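Protein sequences, first through last, are from chains A and B.
With the first sequence counted from 1, adding 5 to any position gets you the working numbering.
With the second sequence counted from 1, adding 1065 to any position gets you the working numbering.
Glycine residues also receive a C-beta, built at the ideal position from the N, C-alpha and C atoms.
In this text, all values refer to a predicted model and were calculated from it rather than measured experimentally.
These notes are about the structure you will find just below.
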Amino acid sequence: GAVVSQHPSWVICKSGTSVKIECRSLDFQATTMFWYRQFPKQSLMLMATSNEGSKATYEQGVEKDKFLINHASLTLSTLTVTSAHPEDSSFYICSAILHYNEQFFGPGTRLTVL
Amino acid sequence: SQKIEQNSEALNIQEGKTATLTCNYTNYSPAYLQWYRQDPGRGPVFLLLIRENEKEKRKERLKVTFDTTLKQSLFHITASQPADSATYLCAPTLGQGGKLIFGQGTELSVKP
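This is how it looks when you write it as structure tokens:
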């Protein structure tokens, strides 16, 4: 089956630093990937749609200058949380589309900002 | 605006019984609806997709119904097992480029 990986699985950083999270489709090419954020006991909230070779499309309320997304290849999208603050601490999950309606999710990255 | 509601309270059932989870949506007409399972600290795993012109879909012990008049989907797990314990998310989707909007999820606990 289709596998999506994320790296790192967890990261702890100091306030003000930047953190990069990678999302890879391991056995298929994905022209479109999505980034979600999930706070404890809440559902996944879509942050942005990442398209290979073009700019990401951000959902309303998501700061594009704070959450930088790069989709440089058909198997890799990166999310960089710039100048992270404690309120950015969350569970970040990516997904990739294999077929039109079928989405496969990564295992998630737990970010803790001290 | 689009609104999705799932049972907010956790569902506790006995092993072997049928679990039934509800997903209601308002203010839009999804082209299809997906159900996912999420375990703590993990990403969601796809279970089933049902289209607006389908009333029911089955996969092994899972059954999903889709009532576009009631704007509701029901998700059933028959002969439930403790391993079925997880949070189940529904995602009624318009079909625009694959974007998924999730409900808040229902936590299911199956006791032996």
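* Kindly say whether residue 1123 (chain B), judged by its beta-carbon, lies nearer than 8 angstroms to any beta-carbon of chain A. => To locate residue 1123 (chain B), count along the second sequence from 1; it is residue 58. For residue 1123 (chain B), the closest Cβ of chain A is not nearer than 8 angstroms.
* To do: Could you spell out the range, first to last residue, of the beta strand (DSSP E) harbouring residue 1176 (chain B)?
  => Along the second sequence, one-based indexing puts residue 1176 (chain B) at 111. Unbroken beta strand (DSSP E) run through residue 1176 (chain B): 1171–1176.
* Asked: Going along the chain, which residues of its own chain have a beta-carbon closer than 7 angstroms to the beta-carbon of residue 33 (chain A), five neighbours each way excluded?
  -> Residue 33 (chain A) sits at position 28 when you count from the first residue of the first sequence. Contacts found: 7 and 103.
* Sequence-distant residues of its chain with Cβ nearer than 8 angstroms to residue 18 (chain A) (five each side left out) -> Along the first sequence, one-based indexing puts residue 18 (chain A) at 13. 24, 89, 116, 117, 118 and 119, listed in sequence order.
* Asked: According to the neighbour-count rule (16 or more other Cβ atoms, all chains shown, within 10 Å of its Cβ), is residue 1172 (chain B) buried or exposed?
  -> In the second sequence, the residue the question calls residue 1172 (chain B) occupies position 107. Under this definition residue 1172 (chain B) is a buried residue.
* Output the boundary residues of the beta strand (DSSP E) element that contains residue 1120 (chain B). => As a working note, residue 1120 (chain B) is residue 55 in the second sequence. From DSSP, residue 1120 (chain B) is part of no beta strand (DSSP E); its letter is neither H nor E.
* Please classify residue 1149 (chain B): does DSSP put it in a helix, a strand, or coil? => The residue given as residue 1149 (chain B) occupies position 84 in the second sequence. Note: residue 1149 (chain B) maps to helix in three-state DSSP.
* Give a yes or no on contact between the stretch 1075–1093 of chain B and the stretch 1135–1154 of chain B, applying the rule of three or more CB pairs nearer than 8 angstroms. => Contact holds: three or more Cβ-Cβ distances are below 8 angstroms.
* To do: Please check the pair residue 10 (chain A) and residue 114 (chain A), which I expect to be a contact at CB under 8 angstroms, by giving their CB distance rounded to whole angstroms.
  => Stepping through the first sequence from its first residue, residue 10 (chain A) is reached at position 5. Stepping through the first sequence from its first residue, residue 114 (chain A) is reached at position 109. Between residue 114 (chain A) and residue 10 (chain A) the Cβ distance is about 11 angstroms, and since that is not below 8 angstroms, they are no contact.
* Asked: Is residue 27 (chain A) near the ligand ATP, in the sense that its beta carbon is under 7 angstroms from a heavy atom of that ligand?
  -> Only the bare structure without any ligand can be found here, which leaves the ligand ATP out of the picture.
* To do: Using a Cβ-Cβ cut-off of less than 8 angstroms, give me the residues of the stretch 1159–1174 of chain B that come near chain A, in sequence order.
  => 1160, 1162, 1163, 1164, 1165, 1166, 1167, 1168, 1169 and 1170
* Asked: Could one say the Cβ of residue 121 (chain A) lies closer than 8 angstroms to chain B's Cβ atoms, at least one of them?
  -> Shown here, chain A extends from 6 to 119; a query on residue 121 (chain A) therefore has no answer.
* Below 6 angstroms CB to CB, which residues in the same chain sit around residue 44 (chain A) once its five sequence neighbours on both sides are set aside? => What you label residue 44 (chain A) is simply residue 39 of the first sequence in a count that begins at 1. Once the five neighbours on either side are set aside, the close Cβ partners of residue 44 (chain A) are 95.
* To do: Determine the closest residue to residue 76 (chain A) out of A:110, A:20 and A:58, with distance taken between C-alpha atoms.
  => Indexing the first sequence from 1 puts residue 76 (chain A) at position 71. The residue with the shortest Cα to Cα distance from residue 76 (chain A) is A:58.
* Asked: Is it the case that the Cβ atoms of residue 41 (chain A) and residue 98 (chain A) are separated by a distance below 8 angstroms?
  -> By 1-based counting over the first sequence, the position of residue 41 (chain A) is 36. By 1-based counting over the first sequence, the position of residue 98 (chain A) is 93. For residue 41 (chain A) and residue 98 (chain A), yes; Cβs fall inside 8 angstroms.
* Give every residue of the same chain whose Cβ lies closer than 7 angstroms to the Cβ of residue 1104 (chain B), excluding the five residues on either side of it in the sequence, and list them in chain order. => Within the second sequence, the letter at position 39 stands for residue 1104 (chain B). 1151.
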